[in-house]
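Numbering (full-length UniProt numbering), first residue to last: 1 to 420. Ideal Cβ placement from N, Cα and C applies to all residues, glycine included. Single-structure report; data block below.
See below:
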């Protein structure tokens, strides 16, 4: 599958395969190596490694001191509890949990942080950095930062109560505050990486969906018109064969030409390289309508038009003629296509709209809805009207040279559907 400009569409499903249910996003340029770790997983691994590194420092400090085996075992249990709570606090969107639950887990971490200080004193002080980081992660900023600072300041007490120099108290306070910032920063970074990863996956899926819709819309525009032409001419051939075989053969040739052109158009849609000319479409429409015994009054005065606008207006003309053949018993069709200043106006009206054809909104069906989306992409607009005398008119207006720098045009069009 390709984009509208002919470039291959990257992402899952671009070649028609189903996206593998691995939970990992497709990353262009990265081989499908089972040893490769996508970015969110790398961020989580880094966070876990850093947390384990801080825990190892505390474990080494405790092992170097004269503690009993039972005391060391208790310290390892407390460290494991702090580690598990910290992993939970550092997970993505943990701050969105109910406040009572956050307070309960923070309270548990506070108990596991401060209670062992009674036994291990300043050797346990490095564990307070985890609590400081969790406060920043889970509490609103107006509460989190004061609580974070308070935890850091309380770590000055154990060294002072032990009679250690003031610099040791300052070091423990600084270490606690820095550890809290590191834990907070890495946790938020891992969450942001996950959010960006999810956003990229969603954008890739949206691009694939938009390309599929573009393909479906172009097929509707092409095949709807072409099949209507083939049906009309086949009926004409059926009537001409007994009495005018030579004329019937001419019509057969035209049917073959239309079918070959349709095949070429379908291939161009698949390649994303399709372009159309408004003048050529109107000329073809005149010939088709006259062969259907419809009187055509045409006023065509077009100058130079932007190729994209030309293609969009040609699609409007094709859809209008298709609807005329399907839904009306028109005897007269008026076609006006003029450029007035910087504006191109196309109006197609007929006098035989089917009374049963009620829905004329640009949002109805896929045909007129497609056209409205395409016109919006080139800063144009579409309107339809119906008079009491069974007269139906479709009017499309677009700038001959749309402003490529105008914001919101193509983005808004894509918000409601892809633009070919």
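Grouping DSSP H, G and I as helix and E and B as strand, with all else coil, what is residue i?
i: residue 395; result: strand
i: residue 126; result: helix
i: residue 291; result: helix
i: residue 309; result: helix
i: residue 145; result: helix
i: residue 497; result: Absent from the model: residue 497. The displayed extent of the chain is 1 to 420, so no value can be given.
i: residue 403; result: coil
i: residue 180; result: helix
i: residue 286; result: helix
i: residue 152; result: helix
i: residue 194; result: helix
i: residue 164; result: coil
i: residue 379; result: coil
i: residue 80; result: helix
i: residue 390; result: coil
i: residue 133; result: helix
i: residue 98; result: coil
i: residue 159; result: helix
i: residue 369; result: helix
i: residue 107; result: helix
i: residue 112; result: helix
i: residue 93; result: coil
i: residue 342; result: coil
Roughly how many whole angstroms lie between the Cα atoms of residue i and residue j?
i: residue 42; j: residue 230; result: 59 Å
i: residue 150; j: residue 156; result: 10 Å
i: residue 280; j: residue 206; result: 34 Å
i: residue 236; j: residue 376; result: 38 Å
i: residue 86; j: residue 79; result: 10 Å
i: residue 313; j: residue 218; result: 14 Å
i: residue 320; j: residue 298; result: 14 Å
i: residue 401; j: residue 193; result: 41 Å
i: residue 257; j: residue 382; result: 31 Å
i: residue 130; j: residue 173; result: 13 Å
i: residue 152; j: residue 198; result: 35 Å
i: residue 277; j: residue 318; result: 11 Å
i: residue 337; j: residue 397; result: 10 Å
i: residue 309; j: residue 293; result: 30 Å
i: residue 261; j: residue 316; result: 18 Å
i: residue 141; j: residue 56; result: 30 Å
i: residue 134; j: residue 67; result: 29 Å
i: residue 264; j: residue 223; result: 12 Å
i: residue 203; j: residue 275; result: 27 Å
i: residue 195; j: residue 209; result: 21 Å
i: residue 169; j: residue 63; result: 21 Å
i: residue 201; j: residue 225; result: 37 Å
i: residue 113; j: residue 128; result: 6 Å
i: residue 340; j: residue 369; result: 26 Å
i: residue 327; j: residue 305; result: 30 Å
i: residue 47; j: residue 137; result: 14 Å
i: residue 386; j: residue 351; result: 10 Å
Can you tell me whether residue i is buried or exposed, with buried defined as 16 or more other CB within 10 angstroms of its CB?
i: residue 342; result: exposed
i: residue 120; result: buried
i: residue 238; result: exposed
i: residue 333; result: buried
i: residue 118; result: exposed
i: residue 101; result: exposed
i: residue 89; result: buried
i: residue 307; result: exposed
i: residue 295; result: exposed
i: residue 109; result: buried
i: residue 331; result: exposed
i: residue 283; result: exposed
i: residue 303; result: exposed
i: residue 373; result: buried
i: residue 324; result: buried
i: residue 245; result: exposed
i: residue 40; result: buried
i: residue 346; result: buried
i: residue 65; result: exposed
i: residue 52; result: exposed
i: residue 267; result: exposed
i: residue 107; result: exposed
What residues match up with residue i in a beta bridge as DSSP calls it?
i: residue 336; result: 299, 347
i: residue 189; result: Its beta-bridge partners do not exist; DSSP assigns none.
Can you confirm whether residue i, when its beta carbon is compared against all beta carbons of chain B, has any partner nearer than 9 Å?
i: residue 345; result: Looking at the structure shown, chain B is missing, and only one protein chain is on hand.
4-residue-minimum alpha helix (DSSP H) runs that sit fully inside the segment 219 to 281, ordered along the chain: 245 to 271, all fully within the segment 219 to 281.
Uninterrupted alpha helix (DSSP H) stretches inside the segment 34 to 70 (no shorter than 4 residues): Entirely contained in the segment 34 to 70, the alpha helix (DSSP H) runs reaching 4 residues are, in chain order, 39 to 64.
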